[in-house]
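Data block below; observations after.
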Amino acid sequence: MIAVDLTVNGRQHTLEVASDVFLLEALRDQLGLTGAKECCLEGECGACTVIVDGRSMNSCLILAAEVEGTAIVTVEGLADDGISNLQRSFLDNAAAQCGFCIPGQLMAAAALLQHNPSPTRAEIRQALAGNLCRCAGYEQIATSVYEAAASMAGADEETMR
Amino acid sequence: MTSTGETTELVGRSPHRVGGVDRVTGSQEYVADVRLPDALHIQLVTLDCARARIISIDTARAEEAPGVVMVMTADDLPQPVPRHGPQFQDRPVLAVGETKYHGEPVAAVVAETRRAARAAVELVTVEHEELRGGVFTLADALDPESPLVQSPQLRPDDPFAETNILAEHKYVWGEVDHAEADLVVDNTYQFPMITQFAIEPHGFMAAPQDDGITVWSSVQHPFLLQKTIARILGLPLARVRVLAPDPGGGFGGKQNPKYEPLVAFIALATRRPARLILGLGETFQTVRRTSATIRVRSGFDGDGTIVFQDFLSDFLIGAYVDIADRVVGKSNYLAAGPYRVPNVRIVARALLSHTTPSTAMRGFGIPQLSWARESNIDEAARQLGIDPLKLRLRNLAARGEEFIPGETAADGKWAETLEKAAELIGWDTDLPAGRGRGIAVGLKSGPTTGLSYATVRLLSDGSVVLYSGTSDMGQGARTIFAQIAAGELGTLVGSVRVVMGDTSLVPYDQQTSASRSSVLMGNAVLRACRDIQAKLRALIAAHYDLDESEVVVEEGMVMLPDYEMKITRAVGIALGRLGGEIIGNGELRVEGDPDHPLGGKAVFYELNCTACEVEVDTETGEIDLTRYVTVGDVGRALNPNQVTGQDEGAAIMGLGHTLMERMMLDESGRILNMGAVDYRILTAMDVPHQMISASVENADGPGPYGIKGISEGSLLATAPAVASAVTSACGVVIRDLPITPERIWRAKREQR
């Protein structure tokens, strides 16, 4: 067992893990953060997507031990209070059906918007290409991200005036 | 059931999904997220081939491994090993003496942690002899030399017991053999093995509870599971509690019990909660769609009138029947489609195979039939030189027409759906060079029997609690029931709590399938609300010393002779000093008809028209979907955003089996491409450039406010529409799905 110090959703944690435990398992089983989901467990479906030091990653492919000292954000950490603009846009645009892929979609989208606040729809599709959805046609998810970006850009303009 | 043509202000609105906030914050609890203290973890032991004779199972080393509590084998179960299944009780809880498909569980390791269970699986030694010559294809299944998949002893009175034909279904009217046609088109079409691939893999848990048991499952039919567990364990229903968290996608693959009985036996043996969560690859071994080879021979007059249709339809269903024979029987009944056809012969066979047991999957056999029939119609259109849209319109049954003798008549103005699809694809506009267009129609029937109960409680402040046994697996059932209750009882959707997924709390519901829930459970919810309205009327009349006939309660309002008020206000008055609540119950029962080949007439139909425009790169075979249109005859769109979401999602799923999905087996029946890397479903990058979905709303459905069921329509006709567009673009005709670039490229080369 090894000790891994990291920050998750702004809080400091020390995980006690075997060296071969993946981050996804540590988040779900040790920290009770079950928002990130298990599906393919081989980095293809994106249901386990979290943000590590600002980059979206498949937590099923990262060892907990590898992320010592990093700052992780999961879907539970997208908003300190209530829900974020991005999450609200997903609700307004009916993007969530069964909802199982949605945490992963949200994290991939959040990471995109951190680096590219005004993505085109093509850029959104590309950034979320690693997040499989079987319920929806991907359209409403893309629209949610696009409109969230637009509303946040609008909000920034308001603040700047 | 009647459609009163009534409405409330919430019909046609799209309030936020009930349960949406939980889904976007990660707090929605799926079965794998439920934490049970002291739970044991289970991993299945399976073999690396389809067919093997089990000689012995050595569990000693595994049982000694750290953290392992037990290893269950068939010997640990009651003898003979219990079997279950919705149609036939053929599926054993663990393999008995022989495995019949790749992935059939032979044993189960039970340990304190998942990691300990996984490690110990390697320590279980199953001495086995691989049996060569399994039944993996249709040819194998029909070969009299092939081994029998199922022991004849399981089917004592069955004339087919000594074959791999499980059942034959025949539907005949008119005189196909004497019908004269100017043109006969005769082709055979293939639909591959594909799998549901819900993003949430199946999950099952069980925990012993006083004199009974609690079972958790991502199941679509909680009451069927309750019945199965009660029977197998010999418990009264009241002592079996099924908790069914909203599934992360079902698509039919989570309808019927799979490994819950095994998990229940383990829980009882260990007297502890036990948990089995499948890996994605394991779901490929657990559920799939029926695959099919369908020969269609159709006769047409020179003007395009269909004279006869003759089907020989063979469905390979797998090692255990599950609900697959129902798929074969029900879908083939509609093989001839929504058309007026005077002479029809349909011979459909369900064939056993040493493969994953198939089960229900969205469309329930109709995508397979539509693929064959619509492609065949297109062939005729090409040979006759008739526009494929016009040919279909010529033969399309009109609303009220009994297009299958003795069956529910066409229940929609179906021509409107085709015309709308044609308009949206620009059917009559010029086609840019290098592009092709195709159009196709799919018809599916809703349920043929049904039983749904709903209970609604109108609380003293006008807010509402609603109980329903439907499973909300993404189609938005919670939301539409909340909309119905909110509209009838005059409250906000946000003030309606919808309780589902607990058999000890919600009243009986037969199942969630066949696009039934908005109509059957919807009507039960509506009736429960009307029950409350009637009770409120009586209380208000008594309070104001009026005759009941002077009080009207509807659409959230109470109307007195000289005064009106909202129900939310009236309820406080009606309940008086003691307060309390008003409870309403609703029941919707469709008895069916035991003499009908399907057990009853269709409650409604789902009719879809799909059209698409493609560009084909003949150098690489790649298809570019420039525009895709799907239109459904929905009665009313109770929640339009949810209808759009389901229609677009179904279309994308249809594009999956059309363009890229196929389970591949080797000579040992081993599935070669389990998992997300080697089995491709569409990603966000694969969607059509333009996706247009629309609904035809004539309020002519049997559900509340004239709604019909939806959610399956949009993948019924995807494949033939795309194939037709491909032929139109580059002349290549494909009859075997999926239409991969390789197949187009090869066909193009063969043409030269």
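Those sequence lines, one after another, are chains A and B.
Once you know that position 32 of the first sequence is 32 in the working numbering, the rest is easy, because the numbers rise by one and skip nothing.
Count along the second sequence starting at 1, add 1000, and that's the number in the working numbering.
Even for Gly, the Cβ is constructed at its ideal location relative to N, Cα and C.
Item: With a floor of 3 residues, list each beta strand (DSSP E) that falls wholly inside the segment 1584-1642 of chain B, ordered by position along the chain.; Value: 1605-1617, 1622-1633
Item: Jot down the residue ranges of each uninterrupted beta strand (DSSP E) in the segment 1017-1065 of chain B, minimum 3 residues, whole runs only, in chain order.; Value: 1040-1045, 1052-1058
Item: Can you list, in chain order, the residues of the segment 1197-1228 of chain B whose Cβ is nearer than 7 Å to any Cβ on chain A?; Value: PHE1197, ALA1198, ILE1199, GLU1200, PRO1201
Item: Roughly how many angstroms separate the alpha carbons of CYS1612/B and ILE1567/B, rounded to a whole number?; Value: 48 Å
Item: Please name the residues in the segment 1231-1251 of chain B whose beta-carbon is closer than 9 Å to at least one beta-carbon of chain A, in chain order.; Value: ASP1246, PRO1247, GLY1248, GLY1249, GLY1250, PHE1251
Item: Does the Cβ of GLU1029/B have 16 or more other Cβ atoms within 10 Å, making it buried, or fewer, making it exposed?; Value: exposed
Item: Going along chain B in order, which residues have a C-beta closer than 9 Å to the C-beta of ASP74/A?; Value: At residue 74/A the sequence reads Thr, which differs from the Asp that was named. Under the 9 Å cutoff, chain B gives GLY1026.
Item: For ASP1686/B, does the three-state DSSP call read helix, strand or coil?; Value: helix
Item: For ARG1023/B, decide whether its Cβ has a neighbour in chain A, counting only Cβ atoms nearer than 8 Å.; Value: yes
Item: Can you tell me the Cα-Cα spacing of THR1305/B and ALA1181/B, whole angstroms?; Value: 9 Å
Item: So GLY104/A is in the alpha helix (DSSP H); what residue range does that whole segment cover?; Value: 102-115
Item: Taking 8 Å as the CB-CB cut-off, is PHE22/A touching chain B?; Value: no
Item: Please go through the same chain and pick out, in chain order, the residues whose beta-carbon is closer than 8 Å to the beta-carbon of ASP1593/B, but skip the five residues on each side of it.; Value: GLY1599, GLY1600, LYS1601
Item: Pull up the distance between the alpha-carbon of GLN87/A and that of LEU1040/B, whole angstroms please.; Value: 35 Å
Item: For ILE83/A, return the contacting residues in chain B, with the cut-off set at a CB-CB distance below 9 Å.; Value: VAL1021, VAL1024, THR1025
Item: Which residues in the same chain have their Cβ closer than 7 Å to the Cβ of GLY1476/B, if we skip the five residues on either side of it in sequence?; Value: ARG1017, ASN1639, GLN1642
Item: My output table needs one value for THR1449/B: the three-state DSSP class, helix, strand or coil.; Value: coil
Item: What did DSSP end up calling THR1718/B once you bin it into helix, strand or coil?; Value: helix
Item: Flag this pair as yes or no: are the beta carbons of ALA1107/B and VAL1093/B separated by less than 8 Å?; Value: no
Item: When the Cα atoms are used, what is the spatial distance from LEU128/A to ALA109/A?; Value: 7 Å
Item: Enumerate in chain order the residues of its own chain whose CB-to-CB distance from THR1290/B is below 6 Å, with the five nearest sequence positions on each side excluded.; Value: PHE1315, ILE1317, ALA1324, VAL1327, SER1358
Item: Using a Cβ cut-off of 7 Å, pull out every chain A residue sitting near ASN1641/B, in sequence order please.; Value: ALA94
Item: Any C-beta of chain B sitting closer than 8 Å to the C-beta of GLN114/A?; Value: no
Item: Is GLU1401/B helix, strand or coil by DSSP?; Value: coil
Item: So which residues of chain A does ARG1362/B contact, with C-beta pairs closer than 7 Å?; Value: Neighbours of ARG1362/B on chain A: none; closest Cβ ~10 Å, over 7 Å.
Item: Would you say PHE1308/B and ASN1343/B are within 8 Å of each other, going by their C-beta atoms?; Value: yes
Item: Using 10 angstroms around the beta-carbon of ALA153/A, count the other beta-carbons present and answer buried if the total reaches 16, otherwise exposed.; Value: exposed
Item: On a Cα-Cα basis, can you pick out the residue from VAL1677/B, ASP1633/B, SER1668/B, THR1618/B that is closest to LYS1748/B?; Value: THR1618/B
Item: Check each residue of the segment 23-39 of chain A: if its Cβ is closer than 9 Å to any Cβ of chain B, include it; give the result in chain order.; Value: GLU25, ARG28, ASP29, GLY32, LEU33, THR34, GLY35, ALA36, LYS37, GLU38, CYS39
Item: Do you know how far the Cα of ALA149/A is from the Cα of PRO1720/B?; Value: 38 Å
Item: Hey, LEU1761/B and GLU1550/B are a contact pair by Cβ (cut 8 Å); roughly how many whole angstroms apart?; Value: Not covered by the structure: residue 1761/B. The range shown for chain B is 1001 to 1752.
Item: Which one of GLU66/A, GLU68/A, VAL67/A, PRO103/A has the shortest CA to CA distance from SER84/A?; Value: PRO103/A
Item: State yes or no: is the beta carbon of LEU1659/B nearer than 8 Å to at least one beta carbon in chain A?; Value: no
Item: Looking at the strands, I want to know which residues DSSP matches up with GLU1581/B.; Value: LEU1459/B
Item: Quick check on this structure: which residue in MET1663/B, LEU1526/B, GLU1260/B has the alpha carbon closest to the alpha carbon of PHE1284/B?; Value: MET1663/B
Item: What does ALA136/A touch in chain B if you count any residue whose Cβ is under 9 Å from its own?; Value: GLY1474, GLY1645, GLN1646, GLU1648, GLY1649, ILE1652
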